[in-house]
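For the record, in the sequence shown the residue sitting at position 84 is 84 according to full-length UniProt numbering, with numbers rising by one throughout.
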Amino acid sequence: MIGAYLKKYRTEGNVTTKSLAEDLKVSQSYISQIENGKKIPSLTKLLDITESIASLSIKEKCEQDGLEFDEYCIEYETLASTYIGDIIKNINMNSVHNDKEKQLLKDLIELRNDKSIFSKLKTYKDISQDII
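Shown next as structure tokens:
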């Protein structure tokens, strides 16, 4: 279910599986397996995927509009957050039969109330790097 939404966002944004895979440093096969429901990404990977799709889909437009890097980041993080909100809104927890996907949705719902899912995740990544 989640994979179908990711595929929808990717195709609507004119992002190829090849460019998405290259940006994420994963194989095209991995992207395809997620989109076809054969693999379920971790929460971190799901956020990375939505952020990458958003970034790639608006990059050219932002360059044409002359947006500065910070403005571009705000644009794609906002779009990626919209993708996450759309997934949460449209997937009924009762219709999910896979435990891993249910847990992923629960984690997304927990993060939903934060101002920015991506800034929280980046803070978490920064902290985890400091610990190591």
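We treat Cβ as the ideally placed atom computed from N, Cα and C, and that holds for glycine.
Checklist entry - Helix or strand or just coil, what does DSSP make of I91? => result Working through the sequence shown from its first residue, we reach residue 91 at position 91. In the structure shown, I91 sits in coil (DSSP, three-state: anything other than H, G, I, E or B).
Next on the checklist: So, under 8 angstroms CB-CB, L24 and I49 are touching, yes? Tell me the CB distance rounded to an integer number of Å.
Outcome noted: Counting from 1 along the sequence shown, the entry for residue 24 is found at position 24. Counting from 1 along the sequence shown, the entry for residue 49 is found at position 49. The pair is a contact, with the Cβ atoms about 7 angstroms apart (cut-off 8 angstroms).
Checklist entry - P41 to G85, Cα distance in whole Å? => result The residue you call residue 41 lines up with position 41 of the sequence shown. The residue you call residue 85 lines up with position 85 of the sequence shown. Near 17 angstroms, if we compare the C-alpha coordinates of G85 and P41.
Checklist entry - Which of the three DSSP states, helix, strand or coil, is assigned to Y124? => result In the sequence shown, counting from the first residue as 1, residue 124 sits at position 124. Summary for Y124: the model assigns pLDDT 43, below 50, so the residue's position carries little reliability, and this model does not support an answer.
Checklist entry - First and last residue of the alpha helix (DSSP H) that includes residue 150? => result The first residue shown for the chain is 1 and the last is 132, placing residue 150 beyond what the model contains.
Next on the checklist: I'd like to check one pair, Y9 with I74: are the Cβ atoms closer than 7 angstroms?
Outcome noted: Position 74 of the sequence shown, counted from the first residue, corresponds to residue 74. Position 9 of the sequence shown, counted from the first residue, corresponds to residue 9. Not a contact, by the Cβ cut-off of 7 angstroms.
Next on the checklist: Quick check on DSSP: helix, strand or coil for I34?
Outcome noted: By one-based count along the sequence shown, residue 34 stands at place 34. If DSSP states are grouped into helix, strand and coil, I34 belongs with the helices.
Checklist entry - Taking the alpha-carbon positions, what's the I88 to Y30 distance? => result Indexing the sequence shown from 1 puts residue 88 at position 88. Indexing the sequence shown from 1 puts residue 30 at position 30. Cα-Cα distance, rounded: 23 angstroms.
Checklist entry - What first and last residue would you give for the alpha helix (DSSP H) that runs through T11? => result Taking the sequence shown and counting its residues from 1, the one referred to as residue 11 is at position 11. Looking at the DSSP string, the run of the alpha helix (DSSP H) that includes T11 is I2 to E12.
Checklist entry - In the structure shown, what three-state DSSP assignment does residue 195 receive? => result With the chain running from 1 to 132 in the structure shown, residue 195 is simply not present.
Checklist entry - Within 10 angstroms of its Cβ, does G3 collect 16 or more other Cβ (buried), or is it exposed? => result The residue given as residue 3 occupies position 3 in the sequence shown. When all chains shown are included, G3 counts as buried.
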